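Asks: Here the sequence shown stands for residues 1 to 118, where the numbers follow the UniProt record's numbering.
Here a beta-carbon is modelled for each residue, glycine too, at the ideal position from N, C-alpha and C.
Because the structure is a prediction, the values reported are computed rather than measured.
Handing you this structure, nothing more for now.
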Amino acid sequence: MRNNTMKRSFVAAGLALALPFGLAACGGDDKPSKEDVRAGLDSMLADQGMGTEDLEQLGVEGDIVDDYFNCIVDGIYDDVSNDTLNALADNNPDASLPSEDQEVFQDATTACTSELGF
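So this is what it looks like as structure tokens:
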């Protein structure tokens with residue numbers, strides 16, 4: 001049980017650290033779908049060694065990873081700019097994340113960590 005808790009904490013900490021340092025305001029004005037944002041998030045985290053497959057290899061169950069990433073997307077989707085959502089959907093980690101959106105990410109990460117028992 002302790003090992004599972006440690007693995008879950010690793011997922012939460014990794015996402016909290018990985019995202020705010022590398023998203024850009026880019027892309028169009030149109031809001032991408034949640035599915036596109038989730039797919040881009042998966043790609044971005046996989047590029048940083050924190051993708052679903054990477055975490056499964058560390059012994060974190062895929063359902064747990066999916067629930068956590070879906071929770072993050074649900075938590076930010078209506079509260080961050082379309083530019084930030086497009087940056088996620090486009091897997092564009094090269095420009096800074098606006099401070100308002102950074103705060104939304106942090107709040108969503110904290111809420112999802114608590115909600116899912118990490």
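Determine the DSSP secondary structure at Glu61, reduced to helix, strand or coil.
Replies: Reduced to three states, the DSSP call for Glu61 is coil.
Asks: Using beta-carbon positions only, say whether Ser43 and Asn86 come within less than 8 Å of one another.
Replies: Cβ distance not < 8 Å, so Ser43 and Asn86 don't count as in contact.
Asks: Taking the beta carbon of Thr84 as the centre, do at least 16 other beta carbons fall within 10 Å, making it buried, or is it exposed?
Replies: The residue in question, Thr84, is buried, as its Cβ has 16 or more Cβ neighbours within 10 Å.
Asks: So, is residue 122 buried or exposed, given that buried needs 16 or more other C-beta atoms within 10 angstroms?
Replies: Absent from the model: residue 122. The displayed extent of the chain is 1 to 118, so no value can be given.
Asks: To the nearest whole angstrom, what separates the beta carbons of Ala108 and Asp36, a pair I think is in contact under 8 Å?
Replies: Not a contact, Cβ separation roughly 17 Å.
Asks: With 16 other CB atoms within 10 Å as the buried threshold, where does Asp78 fall?
Replies: Exposed, by the Cβ-count rule.
Asks: In or out: Phe105 buried (at least 16 other Cβ within 10 Å) or exposed?
Replies: With 16 or more Cβ atoms within 10 Å of its Cβ, Phe105 is classed as buried.
Asks: Mark Gly40 as exposed unless 16 or more other C-beta atoms lie within 10 angstroms of its C-beta, in which case mark it buried.
Replies: Under this definition Gly40 is a buried residue.
Asks: Decide if Gly75 is buried, meaning its Cβ has at least 16 other Cβ atoms within 10 Å, or exposed.
Replies: That one is buried.
Asks: Can you check whether the CB of Ile72 is closer than 8 Å to the CB of Cys112?
Replies: Closer than 8 Å, so yes.
Asks: Using alpha carbons as the reference points, say which of Asp54, Val80 and Leu58 lies closest to Glu100.
Replies: Of Asp54, Val80 and Leu58, the residue nearest in Cα terms is Val80.
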